[in-house]
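J.:
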Amino acid sequence: MKENIVYLDNSATTKPLKEVLNTFIQVNESFYANPASIHEAGVEANTLLDRARSQIANILHTKEQLVLFTAGGTESNNFAIFGVSKANTHIGKHIITTEIEHPSILEGVKSLQKDGYEVDYLSVDENGVISLTELREKLRKDTVFVSIMHVNNEMGAIQPIEEAAKIIHENSRAVFHVDAVQSFGKLPTQFNGEAGPDILSISGHKIHGLKGSGVIAFRKKMNIIPLLVGGGQESGLRSGTVAVPQAVALAKAARMVTENMEQSMKKYRTWFNDLYEFLTGYGENIHLLSTKSGAAHILSFSVKDLKGEILINALQSRGIIVSTSSACSSKQKTTSHVVDSLKVHANYKKGVIRLSFGLFNTDNDIEAFKKAFTAVMDELKGDNK
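Here the UniProt record's numbering is used: the first residue of the sequence shown is 1, the next is one more, and so on.
Next up, the structure:
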């Protein structure tokens, strides 16, 4: 990436921390043996792996053996959906999720529908938040799996996870899974007995770690069918030689972001509020999808009667990198399912822009965005502020 670029697309991916990269390189250079081998080099690699697992377990408030390393958030989400649902058909084949989940959840449950599973989708209000009443009403005796993301990746809505967990655990036998990819390291995210989720998904590259690394963690031991079979690694639930350098680097990133979380979030909230007021000044030319009750590191808005791609290119020409909603689906030509669920007016549907902050951003980046955006709006729409 060019120098002097202002990168505001951290919800798509983050720049790895130097300490994380150094850890990854050091482990690759010195502890490259297979952790399943019984020779001394293998034992040393396995010791590092166990230490990384223990560190993440401590952060999440669970046991070491309930933390499994994956290749990222999509695999963790798929593992939860298919592994739990197919292992617990004796409970039922009914699934509940929300209309605004990540595609790795929505496509997963659609696949299960072909196998005879029934899926109910929770709607969201104008703030992107589910109704706990609707959740309670849709729970059934045969509900086997509920998946609700903690923070929405496109507009930052925070779901009432603890309240949802209580309702689910008191009214069903369902396993409650939370996609914490966008919340881990930004909001308190851990297991909390019956008052929290049963499964959490985490992605390394969203927390200034490395792509190709992730975690699926459990509150307690449960029935689950592995997605990958073979050598029986990761407690027999994810076969294949474990990528020790990625696991250790992920643990390093997890420690660093959680230790600095409070300080980072204060900074993000200051930027969010500043930009929120700045964008509000454009009146009806701007529709804000994000709300002040949402996560501080994501700010999504839409410009009236302008396509998001035009705005992205215009900002990029001025050295500002942003995105249109989710990077996982931004190349598609259809309107985002999240935008549809929020019932955004047709005049604003195609002009959605997402700003997302990370540890490398500065106050100067925010000022640079405001300056560039002002110039873009003057050019594309005239000075309507």
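We put the beta carbon where it would ideally sit given N, CA and C, even for glycine.
(1) Starting from H169 and walking both ways along the alpha helix (DSSP H), at which residues does that stretch end?
(2) Specify the secondary structure class of T47 as computed by DSSP and reduced to three states.
(3) Using the C-alpha atoms, what's the distance from S111 back to S104?
(4) Between L289 and V344, which are expected to be in contact by the criterion C-beta below 8 Å, what is the C-beta distance as a whole number of angstroms?
(5) Using the Cβ count rule (16 or more neighbours within 10 Å means buried), how would you classify F31?
(6) For E3, which of helix, strand or coil comes out of DSSP?
(7) F176 and P197 look like a contact to me (Cβ under 8 Å); what is the Cβ gap, rounded to whole Å?
(8) According to DSSP, simplified to helix, strand and coil, what is Y282?
(9) Helix, strand or coil, according to DSSP, for I216 in the structure here?
(10) Threshold first: 4 residues or longer. Then list the alpha helix (DSSP H) segments lying entirely within the stretch 43-108, N to C.
(11) Need the endpoints of the alpha helix (DSSP H) that V257 sits in, please.
(12) For I199, count neighbouring Cβ atoms within 10 angstroms of its own Cβ and tell me buried if that reaches 16, exposed if not.
(13) Pull up the CB-CB distance for D179 and N88, whole angstroms please, since I reckon it's below 8 Å.
(14) Less than 8 Å between the C-beta atoms of T97 and G214, yes or no?
(15) Against chain C, with Cβ distances strictly below 8 Å, would S76 count as a contact?
(16) Can you tell me whether H102 is buried or exposed? The criterion is at least 16 other CB atoms within 10 Å of its CB, across all chains shown.
(17) Could you work out which residue in G73, A217, E134 and K350 is closest to T335 when comparing CA atoms only?
(18) Can you check which of these residues, M149, E19 and T143, is closest to I168 by C-alpha distance?
(19) Which whole-angstrom value is the C-beta distance of S147 and I81, which I expect to be below 8 Å?
(20) Taking the beta carbon of F272 as the centre, do at least 16 other beta carbons fall within 10 Å, making it buried, or is it exposed?
(21) Under a Cβ-count criterion, where at least 16 other Cβ atoms within 10 Å of its own Cβ denotes burial, should N364 be classed as buried or exposed?
(22) How would you label residue 387, buried or exposed, when you count the other beta carbons within 10 angstroms and need 16 or more for buried?
(23) Starting from D363, follow the alpha helix (DSSP H) in both directions and report where the run begins and ends.
(24) CB G72 to CB S172, shorter than 8 Å?
(25) Select from Y348, E367, L342 and M377 the residue whose C-alpha is nearest the C-alpha of G128.
(26) When the Cα atoms are used, what is the spatial distance from K220 to F191?
(27) Can you tell me which residues form a DSSP beta bridge with F145?
(28) Buried or exposed: Q159, going by 16 or more other Cβ atoms within 10 Å of its Cβ?
(29) Ignoring anything shorter than 3 residues, give me the beta strand (DSSP E) runs that lie fully in the stretch 267-326, in order along the chain.
(30) On a CA-only basis, which of N285, E284 and T280 is nearest T291? Give me that one, please.
(31) Can you give me the start and stop residues for the beta strand (DSSP E) that D120 sits inside?
(32) Are the beta-carbon atoms belonging to I321 and Y117 less than 8 Å from one another?
(33) Assuming contact is defined by CB atoms lying nearer than 8 Å, are G209 and A253 in contact in what I supplied?
(34) Judging by CA-CA distance, which residue of L315, E137, S85 and Y121 is the nearest neighbour of D115?
(35) Going by CA-CA distance only, name the one from E284, A247 and I353 that's closest to R51.
(36) Which two residues bound the contiguous beta strand (DSSP E) that contains S203?
T.: Walking through what the data contain:
(1) Unbroken alpha helix (DSSP H) run through H169: I161 to N171.
(2) Three-state result, T47: helix.
(3) Looking at the two C-alpha atoms, the distance is approximately 11 Å.
(4) Approximately 7 Å separates the beta-carbon atoms of L289 and V344; this is inside 8 Å, confirming the contact.
(5) The C-beta of F31 has 16 or more other C-beta atoms within 10 Å across all chains shown, which makes the residue buried.
(6) Coil at E3, not helix or strand.
(7) Taking C-beta atoms under 8 Å as the contact rule, F176 and P197 qualify, at a distance of about 5 Å.
(8) In this structure, Y282 counts as coil in the three-state DSSP scheme.
(9) Assignment of I216 by DSSP, reduced to helix, strand and coil, places it in the strand class.
(10) Listed in chain order, the complete alpha helix (DSSP H) runs (minimum 4 residues) inside the stretch 43-108 are 73-87.
(11) Its alpha helix (DSSP H) spans residues V244 to E259.
(12) It counts as buried.
(13) Between D179 and N88 a beta carbon distance of about 19 Å is seen, past the 8 Å cut, so the two are scored as non-contacting.
(14) One thing to note: T97 has its Cβ no nearer than 8 Å to the Cβ of G214.
(15) No chain C is part of this structure, which consists of one protein chain only.
(16) Buried, by the Cβ-count rule.
(17) Closest option to T335, Cα to Cα, is K350.
(18) It is T143.
(19) The C-beta separation of S147 from I81 comes to about 7 Å, placing the pair in contact by the 8 Å criterion.
(20) The Cβ neighbour count for F272, taken over all protein chains shown within 10 Å, is at least 16; the residue is labelled buried.
(21) With a threshold of 16 other beta carbon atoms within 10 Å, N364 falls short and is exposed.
(22) Since the first residue of the chain shown is 1 and the last is 385, residue 387 is not available in this structure.
(23) Counted as a single uninterrupted DSSP element, the alpha helix (DSSP H) harbouring D363 occupies residues D363 to K381.
(24) In this structure, S172 does not lie closer than 8 Å to G72 by Cβ.
(25) Just measuring C-alpha positions, the residue of Y348, E367, L342 and M377 sitting nearest G128 is L342.
(26) Answer to the nearest angstrom: the Cα atoms are 10 Å apart.
(27) Looking at the DSSP assignment, F145 forms a beta bridge with I95 and V175.
(28) Residue burial annotation: Q159 is buried, with at least 16 other C-beta atoms found within 10 angstroms of its C-beta.
(29) The qualifying runs are 286-288 and 298-303.
(30) Minimum Cα distance to T291 is reached at T280.
(31) E118 to L122 is the span of the beta strand (DSSP E), which, as asked, contains D120.
(32) No, the Cβ-Cβ distance between I321 and Y117 is not below 8 Å.
(33) At the C-beta level, G209 and A253 come within 8 Å of one another.
(34) Per the Cα distances, S85.
(35) When only C-alpha atoms are compared, the closest one is A247.
(36) S203 -> beta strand (DSSP E) spans I199 to S203.
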